[in-house]
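Report on one structure; see the data block that follows.
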Amino acid sequence: MPQDLRSFLKLIENNGELVRIHREVDPQGNLGGLAWQGENKLGKATFFENLKGYPGWRAVSYAEASRRRMALGLGCTPREFIPKLRGLLEKGPTPKVAIPTGPVKEVVQVGDEVDLYKLPIHTMAVLDAGPYMGGHMAIIKDPETGIQNVSLHRHQLKGKNKLGVMMHPGRHMHMIYQKYEKMGKPMPIALVGGHHAAYYLASTWTFPFGVDEFEYAGTFLGEPVRTVKGETVDLDIPADAETVIEGFMPPGEREMEGPFTEHTGYARAGAGHNPFMWVTAITRRRDAIYYALQGGRPIASSQILDALPMEVVLWNRIKDVGGFVDLKDIVVVPCAGGAHIVVVQLTPQIQGQVTDVLMATLSSPYIHPKIAIAVDDDIDPHDVKEIMWSLSTRVNPAEDIFIVPHTRGQHLDASLPLVTPPGTFPDIRVGSKMGIDATKPAITEPERRAYFERSFGKGMEFNIDDFLK
Ligand SMILES: Cc1cc2nc3c(=O)[nH]c(=O)nc-3n(C[C@H](O)[C@H](O)[C@H](O)COP(=O)(O)O)c2cc1C
Ligand SMILES: [Mn+2]
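For this note's numbering, count along the sequence shown from 1 and bump the result up by 34.
Okay, structure coming up:
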């Protein structure tokens with residue numbers, strides 16, 4: 035059996051990572067808040083068995099959204115992601131396999147049968163414009179090469195057959211949409227909802243342009259993605275998804291979209307006159323599970339889906355800076371509001387090396403990192419308390435901090451100035467970046483380095499539990 039959302043949910047439930055809510059939940063009233071609490075208070079994915087106003091539907095939130103759960107899906111521990119994923123990437127893409135039909139075609143609704151209001155698309159946060167889909171991956175095709183691209187986007191519910199589309203400027207979907215716009219042609223699109231966590235990880239990975247992300251979902255899972263043809267679009271769609279929404283994005287048309295509560299915890303950035311799509315077909319499993327990926331901060335989903343690829347891409351970039359870096363770990367700090375603070379753990383080999391590493395961290399395929407912090411090999415980069423201690427005791431601000439002005443910033447980071455008119459698409463922000471060296475002096479200066487040796491309580495090898503017996 036191919037791995038899919040159902041096999042993934044079984045895996046995480048067997049490991050105590052999923053709670054089920056049997057009481058009636060209202061997708062327009064409290065699903066968002068309950069999902070949020072499931073993640074924040076319980077640290078678990080939430081499965082909703084009974085949805086008010088949507089008979090027959092069930093939904094799941096935050097399924098893929100934790101290091102523990104993603105690790106289960108990839109068969110490693112939460113501390114092994116970087117080596118595990120680097121090894122998988124080296125294997126290269128796994129070609130998809132076309133099959134005549136699959137579970138996602140059990141129900142097919144085309145044309146007038148399409149009614150998005152029948153799907154439990156939920157209202158996620160108080161400042162949102164209304165219901166949004168967050169858990170559907172967009173498949174499009176480059177009209178010049180025929181290669182498909184996959185990325186994850188927010189989609190505002192705008193009518194029974196209409197959805198908003200918000201694209202990061204310069205990302206692959208924007209580049210491809212511009213090609214269709216230049217030709218004056220509508221862009222076919224298929225939104226795929228509800229699949230194994232590895233599909234979501236692949237869809238949010240920043241691969242080079244021209245890579246079909248689902249061929250890496252196949253590599254991550256060690257089995258090819260099975261595909262079926264769209265009903266109304268010429269696209270290859272995963273056969274084992276829960277729901278698929280097909281349609282097209284008209285060229286040159288814009289419409290008000292947003293506000294929507296983003297990974298930063300704010301709702302205003304990104305709202306404006308954005309493109310949209312007309313829906314031409316919905317296909318799904320008969321007892322489809324709606325993938326209610328939740329927005330807002332703390333958005334564990336975004337943190338894990340943005341963070342893991344970023345950590346691996348940054349590792350590959352930083353490891354060779356200046357010839358060699360004794361890199362120990364890289365962590366996109368999960369509680370920091372979505373990918374804007376990155377901690378690099380290393381043993382500094384020579385004076386000046388840490389500055390080079392911080393610069394590389396701040397200029398990579400990812401524009402999200404705004405604050406890069408380097409810590410030494412005796413600091414746990416996953417522990418915010420350790421990071422704060424290192425900042426407070428190893429940083430002389432006048433010497434150990436640098437700021438680079440006039441750099442590109444993530445367009446949803448409202449703290450950075452917009453250089454395009456407010457509410458227009460694309461919206462571009464130009465801000466600044468900061469590097470902080472919180473490491474000890476390099477190993478070339480052993481005496482100065484030894485000055486910062488940590489002094490722990492004497493007798494730490496004794497376990498207090500043994501003394502309480
Ligand atoms: C939860 C989540 C929501 C996202 N929403 C959007 C979105 O609305 N628009 C967008 O352009 N990118 C969004 N992204 C980021 C893209 O999915 C990501 O940058 C992807 O790699 C882009 O694909 P590309 O590499 O083919 O350009 C989101 C990412 C996550 C994790
Ligand atoms: Mn891409």
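Glycine residues also receive a C-beta, built at the ideal position from the N, C-alpha and C atoms. None of these values were measured; they are calculated from a predicted model.
Legend entry - N- and C-terminal bounds of the beta strand (DSSP E) containing S185: Q182 to L186
Legend entry - Rounded C-alpha distance that separates A79 from G67: 13 Å
Inset, instruction - Could you check if S489 is buried or exposed, using at least 16 other CB atoms within 10 Å of its CB as the buried criterion? - result: exposed
Legend entry - Separation of F42 from V347, as counted between CA atoms: 25 Å
Inset, instruction - Assign M422 to buried or exposed, taking buried as 16 or more other Cβ atoms, counted over all protein chains shown, within 10 Å of its Cβ. - result: exposed
Legend entry - Backbone secondary structure at M290 - three-state DSSP: strand
Legend entry - Assigned exposure category for T395 - 16 Cβ within 10 Å defines buried: buried
Inset, instruction - Output the boundary residues of the alpha helix (DSSP H) element that contains H208. - result: H206 to M217
Legend entry - F496 versus P480: straight-line alpha-carbon distance, rounded: 30 Å
Inset, instruction - Determine the burial state of F241: buried for a count of at least 16 other Cβ atoms within 10 Å of its Cβ, exposed for fewer. - result: buried
Inset, instruction - Would you give the residue range spanned by the beta strand (DSSP E) that A373 belongs to? - result: Taken as a continuous stretch (DSSP letters only), A373 belongs to no beta strand (DSSP E), as it is neither H nor E.
Inset, instruction - Look at the alpha carbon of S424 and the alpha carbon of V377, and state the distance between them as a whole number of angstroms. - result: 11 Å
Inset, instruction - Would you be able to state if there are at least three C-beta pairs under 8 Å between the region 296–313 and the region 439–459? - result: yes
Legend entry - Backbone secondary structure at L361 - three-state DSSP: strand
Legend entry - Limits of the unbroken beta strand (DSSP E) element including G306: G306 to N308
Inset, instruction - Evaluate E140 with the Cβ neighbour count: other Cβ atoms within 10 Å of its Cβ, from every protein chain shown; 16 or more gives buried, anything less gives exposed. - result: exposed
Inset, instruction - Assign T238 to one of two classes, buried (16 or more other C-beta atoms within 10 Å of its C-beta) or exposed (fewer than that). - result: buried
Legend entry - Spatial distance of F294 from Q190 (CA atoms): 8 Å
Legend entry - Beta-carbon separation (whole angstroms), H445 vs R463, contact threshold 8 Å: 5 Å
Legend entry - Test item: CB-CB of P129 and E249 under 9 Å: yes
Inset, instruction - Check whether the region 146–154 touches the region 312–330, taking contact to mean three or more Cβ pairs, one atom from each stretch, closer than 8 Å. - result: yes
Inset, instruction - Have a look at D434 and S466 and give me their C-alpha separation to the nearest angstrom. - result: 17 Å
Legend entry - Own chain, CB closer than 8 Å to E83, minus 5 neighbours either side, in chain order: R54, I55, H56 and R92
Inset, instruction - Identify whether G227 lies in helix, strand or coil by the three-state DSSP scheme. - result: strand
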